[in-house]
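Novice: Here it is, the structure, as structure tokens.
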Amino acid sequence: MLELVDDDGFTIGTAEKLWAHQQPGRLHRAFSVFLFDQQGRLLLQRRALGKYHSPGVWSNTCCGHPYPGEQPFVAAARRTAEELGAAPALLCEAGTVRYDLPDEASGLIEREWNHLFVGLVTADLVPDPDEIADTRFVTADELKALEAEKPFSAWFRTVFDAALPGIREITGRGW
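The opening position of the sequence shown corresponds to residue 5 in this note's numbering, with each subsequent residue numbered one higher.
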């Protein structure tokens, strides 16, 4: 179950996750996490092939949906640790972004009020294979090259661009 929200981000109910992602979609709360290593490289994940939504594509460090009533920050920290086997060493709020993005490959839609988080990871990763097929730390130039050659999640560029001010603050780099 996840939280449905109105156009101002206020909770208006709950819904089953798959149903909320089926056309025409229902606006719901989500989160996206961007973690960096001590060299300022972004940690990407390639989603597990067994996932019903956007399997096998590259995406941000972690994304998901808070449980109904769960604070987005708590959900982001929890899911990051569950998926990566490593908790963030630092995690900061980086704003919100609302979007409606169809995923042509699956026929699903992302209608999300997305809470953005940026931070650092210093521990060794132990990814959950049910969630993550691969991980990779990339520089800004390596990200551009990877985006040109590999499929990414429908939401990646939207949430990345919205998180850029927070990313620049954490990394101290031009991203």
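In this text, a Cβ means the ideal position worked out from N, Cα and C, and glycines have one as well.
For L39 and V125, which I take to be in contact (beta-carbon distance under 8 Å), what is that distance rounded to the nearest angstrom?
Specialist: To locate residue 39, count along the sequence shown from 1; it is residue 35. To locate residue 125, count along the sequence shown from 1; it is residue 121. Yes, they are in contact, since the Cβ atoms of L39 and V125 sit about 4 Å apart, within 8 Å.
Novice: Does the separation of the CB atoms of R30 and A137 fall below 7 Å?
Specialist: Start at 1 with the first residue of the sequence shown, and residue 30 comes out as number 26. Start at 1 with the first residue of the sequence shown, and residue 137 comes out as number 133. Against a cut-off of 7 Å, the Cβ pair of A137 and R30 comes out as no contact.
Novice: Return helix, strand or coil for V61, following the three-state DSSP convention.
Specialist: In the sequence shown, counting from the first residue as 1, residue 61 sits at position 57. V61 falls in the coil class under three-state DSSP.
Novice: Counting along the chain, where does the beta strand (DSSP E) carrying G123 start and finish?
Specialist: In the sequence shown, counting from the first residue as 1, residue 123 sits at position 119. First-last of the beta strand (DSSP E) with G123: L112 to L124.
Novice: To which residues does DSSP link A19 through a beta bridge?
Specialist: Position 15 of the sequence shown, counted from the first residue, corresponds to residue 19. Answer is L6.
Novice: Rounding to the nearest angstrom, what Cα-Cα distance links C66 and E108 in this structure?
Specialist: Indexing the sequence shown from 1 puts residue 66 at position 62. Indexing the sequence shown from 1 puts residue 108 at position 104. Those two C-alpha atoms are separated by around 21 Å.
Novice: Determine, using beta carbons only, whether T84 and V142 come nearer to each other than 7 Å.
Specialist: One-based indexing of the sequence shown puts residue 84 at position 80. One-based indexing of the sequence shown puts residue 142 at position 138. No. Outside cutoff.
Novice: In this structure, does DSSP put R177 in helix, strand or coil?
Specialist: In the sequence shown, the residue the question calls residue 177 occupies position 173. Coil, per DSSP.
Novice: So is I4 buried or exposed if we call it buried at 16+ other beta carbons inside 10 Å?
Specialist: Within the shown structure, residues of the chain are numbered from 5 to 179, placing residue 4 beyond reach of any answer.
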